[in-house]
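For reference, the structure discussed in these notes is given below.
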Amino acid sequence: MNRRFLLVGLLVVIALVAAPLVMSQSLINAGIQMLIASLFACAFSLLCGQAGMLSFGHSAFFGAGAFATVHAMDAMGGAGLLPTPFMPLVGAVTGLLVGLVAGWFATKRTGVYFAMITLAIGELLYALAPHLSGWFGGEAGLSTMRMPAFGLSFADNVQVYYLTLAWVLLCLGLLYLFMRTPLGRVALGLRENTHRMRFFGYNVHVASTLVFAISTMFSGVAGALQAINIESANYVIFNLDLSAQVLLNSYIGGVTYFLGPAVGAALMSFFGYVVSDLTTSWLLYQGLLFVLVMLFMPRGIAGLVHAVAQALRRCGFARLWRAFALYLGATALLVAGTTFLVELLQRLFSQDYRALSQIGGNAWPDIPLFGASWAPLSVLTWLLPVLLLTAGIWLLARAARHWRRALALAAPDDDSPATTGGGRLVSGASS
Amino acid sequence: MDYFIVSLLNGLIYGLLLFMVSAGLTLVFGMMGILNFAHASFYMLGAYAAYALQPVIGFWWAVVVATVLVGGVGVVTERYFLRPVHKYGHAHELLLTFGLSFIIAELVKLFFGNYPVNYRVPQALSFSAFHVGPSAYPFYRLLIGLVAIAMFVLIYLLLTRTRVGIIVRAAIRRPAMAGALGHNVPVVFMAVFGVGAALAGLAGAIAGAFYTTSPNMAIELAVMMFVVVVIGGLGSLEGALLASLIIGLSTSFSVGVDVSLAQVLAYVGMGDWARGIGGLLTLKLSSLSGTIPYALMLLVLLIRPYGLMGAKE
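Protein chains in written order, with this note's numbering: chain P, 1 to 431; chain A, 1001 to 1313.
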């Protein structure tokens, strides 16, 4: 199992290294964004998934890293001790220091209080930043230039891609190793039972602050990579949107698994890149997906993969293919129905449509969508999504029945009821 | 003096509005341990519902219907979203309501556009109540405050003087025992959640007409609400009232004060030093007014981490 895991990891790394050879410029840019989002999500999940502290203000540390890097790039000019490839170190140090201060406050409380305090710290920075134009450049933000170093010009984004990739892989490795250190094990203890940790004689406040600072340190690296990539930073980076993004991505990916958040963030930012031209409602889909994951699949995509792998090992593909096919069909129908409904409503309530109905004389002009035009007052238009959704739900119920039957027929397995998707997430945090 | 009176009134009324929303949040938390991130979204839903209904059925009916509608949304949220995930713990519930607030904000953008809508105080209500010096004080502001006070009195009487109130309080303190005595505790929870949502909706319907009604109003208020409950102590109604008033007053007074730390330090002969440092020290208090609540919160966390009125952990 472990060897297979290593092999898959190696293949992924090779694919990531080879990717720029075949990708277009804009895809490479998307790739950089995906890598940065993955690192940020993993740093966030160290705190949230492993240590059970739910942060709503992680953009503060991402932003701090980004701004510090922009300042360092300006001040150093790529010369001296910090040539461009080492700039993320500035982000790391800034993230660590800011995290130590913020974490000391935030970890005074646990559970939902902690979540609210991190939210308020993030908003504090967001409210303060535009007034401190010396540090954050006011409304316009700051911009800088990547300087050449070690014979590399960093003028095209392929070199930036490799720089980002190297840092992200390094940081993911360090994060993985951190979980093996005593402090990493203490982080797990903080999630599971804070009281017991206290009885064991650990200083819970100090330990929480340290874990918090480690998480923000890697967030700072992600912010620094972002600053190197776009050569600028704006105070909008402190907005809650970014904190919400990393939270949604991590949970969709599966926050308790080490690579789950990275997968979730990479997938979500890739989809965001693909559909950003097609729809204005991407955030709505993302929110819907998040709520569905929280309701039915609390371990996220990684948990789903885990459950499928386990079921395959128990029953074999022959017994399960029917359920898989049904699940795929149901998902396709539900996605089609939801997308159709949302896009139809979006167009119906858009300003363009209102303008069109005023000048055209026709109060309800047809809506062009998916290569056809739909009359908003026709029953058929609304029947289609309803039918799609109903059929999807019906298929889903059938698929679930097949799945349960297949599992029940298989030999009763040892310990893990992972297929029900149950299990504790960060419940241990509230005290 | 005029400035003082106007700021005092504005601060009091903003504080009361904050309290009107955070009261429901605190009640629900005290009862179920759920921190409802979507609570401020209910506030926004109330404003948008009243805005959409106002041209059809008039302002007052719109307020009433919006309140009931949002209460219904709250009941559905509790029954079909929160109850199934209760077994995963409170953090999971918080995340779920966070997702819901995200969806509600996006839906509002989808239906009403990503910009403030033109929800205004009706003509019949936009007159001045009295004059403070040269400036007129709008009656509608007083109305917001009055509604908040009336609501507080009603809730207080309901909880302390009626049979329903006794059952609700019993379900808060000892849910298992109240259930054993034959009361349907899940229904009580659902009802309290619904009433909390309805109150937020009412606040939104009334206050949305005066303040801006935009898709961002929920998140702005949510953050402020959380600051209120951290300062006041979660689960404590009195704490929420006190913290709301403190925040309302401090924000409204600081807007008009053009003093910076450097000017204060100048009295002890350190003005030049402070101006040399720049940054925070030379910022005027008025431009910092948005950050004062957060600073207050951090201060409270330092001195009394469990909140002004909260129970010690």
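Cβ atoms here follow ideal geometry from the backbone N, Cα and C, with glycine treated the same way.
### Query
Is the beta carbon of Leu-175(P) within less than 6 Å of some heavy atom of the ligand SAH?
The model on display carries no ligand, and the ligand SAH is accordingly not part of it.
### Task
Would you verify that the beta carbon of Val-211(P) is, or is not, closer than 7 Å to some beta carbon of chain A?
no
### Task
Using a Cβ-Cβ cut-off of 7 Å, state whether Leu-128(P) counts as contacting chain A.
yes
#### Entry: Contact under 7 Å by Cβ, Ala-391(P) with Ala-323(P)
At a Cβ-Cβ threshold of 7 Å, Ala-391(P) and Ala-323(P) do not count as neighbours.
### Query
Which chain P residues are close to Thr-1291(A), counting only those with a beta carbon under 7 Å from its beta carbon?
Leu-124, Ala-127, Leu-128
### Query
Quick one: which chain A residues come within Cβ less than 7 Å of Arg-347(P)?
Simply none; closest approach about 10 Å.
### Task
Could you please give me the residues that DSSP links to Val-1132(A) through a beta bridge?
Looking at the DSSP output, Val-1132(A) sits in a beta bridge with Ser-1135(A).
### Query
Going by the CB atoms, is the gap between Leu-125(P) and Ala-60(P) shorter than 7 Å?
Contact flag set, yes.
### Query
What is the rounded straight-line gap between the Cα of Gly-238(P) and the Cα of Gly-1290(A)?
For clarity, residue 238(P) is Phe in the given sequence; the question names Gly instead. Taking C-alpha positions only, Phe-238(P) is separated from Gly-1290(A) by approximately 15 Å.
### Message
Would the segment 1045-1064 of chain A count as touching the segment 126-145 of chain P if we require 3 or more Cβ pairs under 8 Å?
### Response
Touching, no.
### Query
Going by other Cβ atoms of all chains shown within 10 Å of its Cβ, with 16 needed for buried, is Asn-2(P) buried or exposed?
Looking at its Cβ environment, which holds fewer than 16 other Cβ atoms inside 10 Å, Asn-2(P) is exposed.
### Message
In the DSSP output, which residue or residues are listed as bridge partners for Pro-368(P)?
### Response
BP columns for Pro-368(P) point to Ser-373(P).
### Query
What do you get for Gly-371(P), buried or exposed, if any count of 16 or more other CB atoms within 10 angstroms of its CB means buried?
Exposed, because fewer than 16 other Cβ atoms sit within 10 Å of the Cβ of Gly-371(P).
### Query
So, using beta-carbon positions, are Val-301(P) and Gly-264(P) closer together than 7 Å?
This sequence places Ile at residue 301(P); Val is not what is there. In contact: Ile-301(P) and Gly-264(P) (Cβ atoms closer than 7 Å).
### Contact list for Met-1297(A) against chain P, beta-carbon separation under 8 Å
Ile-117, Ala-120
### Task
Using beta-carbon positions only, say whether Phe-340(P) and Pro-385(P) come within less than 7 Å of one another.
yes
### Message
My output table needs one value for Thr-279(P): the three-state DSSP class, helix, strand or coil.
### Response
coil
### Query
Do you know whose CA, among Met-145(P), Phe-218(P), Asn-234(P), Ala-397(P), lies nearest Gly-134(P)'s CA?
Asn-234(P)
### Message
Please classify Tyr-1156(A) as buried or exposed, where buried requires at least 16 other C-beta atoms within 10 Å of its C-beta.
### Response
exposed
### Query
What does a CB cutoff of less than 8 Å around Ser-1214(A) pick up in its chain, not counting 5 residues either side in sequence?
The beta carbon of Ser-1214(A) sits closer than 8 Å to the beta carbons of Tyr-1115, Pro-1116, Val-1117 from its chain, once the five residues preceding and following it are set aside; these are given in chain order.
### Query
For Phe-1379(A) and chain P, any beta-carbon pair shorter than 7 Å?
Nothing can be reported for residue 1379(A): it is not among the residues displayed for chain A, which extend from 1001 to 1313.
### Query
Counting pairs of beta carbons, one from the segment 50-66 of chain P and one from the segment 191-211 of chain P, are three or more of them closer than 8 Å?
yes
### Query
Does any C-beta atom of chain A lie closer than 7 Å to the C-beta of Met-294(P)?
At least one CB of chain A lies nearer than 7 Å to the CB of Met-294(P).
### Task
Consider the Cβ of Phe-105(P): report whether some Cβ of chain A lies at a distance smaller than 7 Å.
Closer than 7 Å to some Cβ of chain A, the Cβ of Phe-105(P) qualifies, so yes.
### Task
Verify the CB distance criterion: does His-71(P) have a CB-CB separation below 7 Å to chain A?
no
### Task
Please name the residue, chosen from Leu-409(P), Val-70(P), Val-342(P), that lies closest to Leu-312(P) on a Cα-to-Cα basis.
Leu-409(P)
### Query
Does the pairing of the segment 1006-1015 of chain A with the segment 1233-1248 of chain A give three or more beta-carbon distances under 8 Å?
yes
### Task
Report yes or no: is there a C-beta of chain A within less than 7 Å of the C-beta of Leu-289(P)?
no
### Message
Is it buried or exposed, Val-1188(A), if we count other Cβ atoms within 10 angstroms and call 16 or more buried?
### Response
That one is buried.
### Query
What three-state label does DSSP hand Leu-7(P) in the structure shown?
helix
#### Entry: Terminal residues of the alpha helix (DSSP H) in which Glu-1106(A) lies
That run of the alpha helix (DSSP H) goes 1090-1112.
### Message
Between Pro-182(P) and chain A, is the shortest Cβ-Cβ distance under 7 Å, so that the two count as touching?
### Response
no
### Query
In angstroms, rounded to a whole number, what distance separates the CA positions of Leu-1154(A) and Thr-1160(A)?
10 Å
### Query
Assuming Tyr-1294(A) and Val-1227(A) make a contact with CB atoms under 8 Å, what is their CB distance in whole Å?
6 Å
### Message
Is there a Cβ of chain A sitting closer than 7 Å to that of His-306(P), yes or no?
### Response
no
### Query
Quick one: which chain A residues come within Cβ less than 9 Å of Ser-281(P)?
Glu-1106, Lys-1109, Leu-1110
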